[in-house]
Every structure is written in structure tokens, then in C-alpha cells.
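Each remark here refers to the structure printed beneath this line.
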Ligand code: CA
């Protein structure tokens with residue numbers, strides 16, 4: 002995870018950069034607004050931590066410029082305690098969160114992690130599609146050729162796993178570890194039974210089969226699998 006920290010106060014900048022680096026992030030430190038602008042525009046960052054009071058280009062101008070040019074990297078801005086209007090302004094300009102100076106480093110770290118989690122979640126696909134099979138993760142719905150498939154919670158989880166790994170042969174042990182709990186006995190035939198039931202719902206009545214058994218290995222979901230039985 003790569004962060005850009007824009008902070009003109011040398012001590013604060015060094016301290017935050019060191020702390021974030023120790024927490025496992027790769028951190029570029031820009032010491033004024035123009036440097037921050039150049040870096041933010043040209044390099045891909047997962048998050049920008051932006052001080053508002055900066056020499057040259059200030060934090061607001063920088064943020065507005067980024068959003069205007071289509072850079073949607075999450076921004077956490079740092080503002081002074083007495084600048085209440087700043088918070089509204091920053092959020093209106095498209096910042097994602099703010100912190101009031103002075104703050105504890107642990108709080109910065111918590112905000113950074115939350116923002117990164119949130120932006121990753123937004124990038125996650127909500128619809129998985131293989132041939133004419135669709136799995137809508139948000140509405141918890143499976144469709145094949147436009148027809149609804151009713152699945153149990155386990156079958157849904159199993160189909161989601163297979164679709165997320167389209168074209169990869171998944172072993173029974175792997176499937177067990179992802180869909181069943183850790184106490185599951187993977188020597189039993191529960192997985193085979195579950196796959197058979199799922200296959201009946203997903204493939205029966207359609208000319209192209211999507212769920213294939215790979216003898217001695219496991220299962221694979223894909224439109225065409227030449228080596229599958
Ligand atoms: Ca400053």
C-alpha cells in the first residue's frame with residue numbers, strides 16, 4: 002500500500018512518515034503543495050494524507066485540482082482545531098475523512114486503515130459472470146441465461162468460490178477450507194454431494210456445462226474444460 006503524505010512541517014512530516022513506514026506502508030513525503038500536486042498527479046497512490054495549511058499550493062487547491070482532473074485517490078486531510086469550517090469545506094471538495102491536529106498517531110493509523118479498507122471494498126466486483134451464468138453478490142442472486150437459480154447459503158458460497166477462481170482446479174481440501182469450517186472432515190463426501198447438487202441446479206437443462214470434475218484433483222468452473230470428465 003503506497004501513501005502520499007503532504008506535510009510542510011518538517012518534524013511532523015518525518016514523524017508521520019516514520020510511523021507509517023513502520024506500520025508497513027510505503028510513504029512518499031511531499032513538503033509543499035506543488036510537490037504534492039506533482040506526485041499525486043503522476044504516481045498511483047492508495048491514499049493521500051494532506052495537510053491543509055501548505056506553502057505555495059494549499060491543501061484545498063491541491064484537492065480541488067485532483068478531483069477536477071479525475072484523480073479519485075482517497076484523501077484524508079489534516080486540519081487545525083479551530084478551523085471548524087475546514088471540515089465541511091474539505092468534505093465538499095471531495096475529501097474522504099479528516100483529522101484535527103494535534104492527533105495521536107494511533108488515530109491516524111486507524112483512519113488510514115479504515116479508508117483503505119473502504120476503497121478496496123468499493124473496487125470489489127459485485128457481479129461475477131462466466132458465460133451465461135451470473136452471480137450477483139450484493140443481491141445474493143444467481144441467474145443462468147436470465148433464469149433465476151435458487152441456492153442454499155452453502156451452495157451460494159460454493160458457487161462464488163468456483164466463479165472467483167474460474168479456470169482454476171480447486172482441490173476438495175481447498176474448497177473445504179474456504180466454504181466449510183475448520184473442523185470439517187475433508188475425507189467425507191460432503192463436498193462431492195454439495196457439488197453434485199449445485200451442478201444439478203446450475204448445469205442441468207443447459208447444453209454447455211460449466212462445473213467440471215477433474216479426476217483425482219477436484220473441481221473447476223469454466224465455459225470449456227478439455228481435460229474434465
Ligand atoms: Ca502545514
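Residue numbers (the working numbering): 2 to 230. No residue lacks a Cβ here, since even glycine has one placed at the ideal position from N, Cα and C. The structure displayed is predicted, hence computed values, not measured ones.
Under the three-state reduction of DSSP, which class applies to residue 26: helix, strand or coil? coil
If we call anything under 8 Å between Cβ atoms a contact, is residue 100 one with residue 112? yes
Integer-rounded CB distance, given that residue 167 should sit under 8 Å from residue 131: 5 Å
Are the beta-carbon atoms belonging to residue 96 and residue 64 less than 8 Å from one another? Taking 8 Å as the Cβ cut-off, residue 96 and residue 64 qualify as a contacting pair.
CB of residue 199 within 8 Å of CB of residue 138, strictly: no
Is residue 87 near ligand 1, in the sense that its beta carbon is under 7 Å from a heavy atom of that ligand? no
Report the rounded CA-to-CA distance for residue 49 versus residue 121, giving the unit in angstroms. 15 Å
Through-space distance from residue 13 to residue 105, alpha-carbon basis: Going from the Cα of residue 105 to the Cα of residue 13 covers about 12 Å.
For residue 102 versus residue 152, is the C-beta spacing smaller than 8 Å? no
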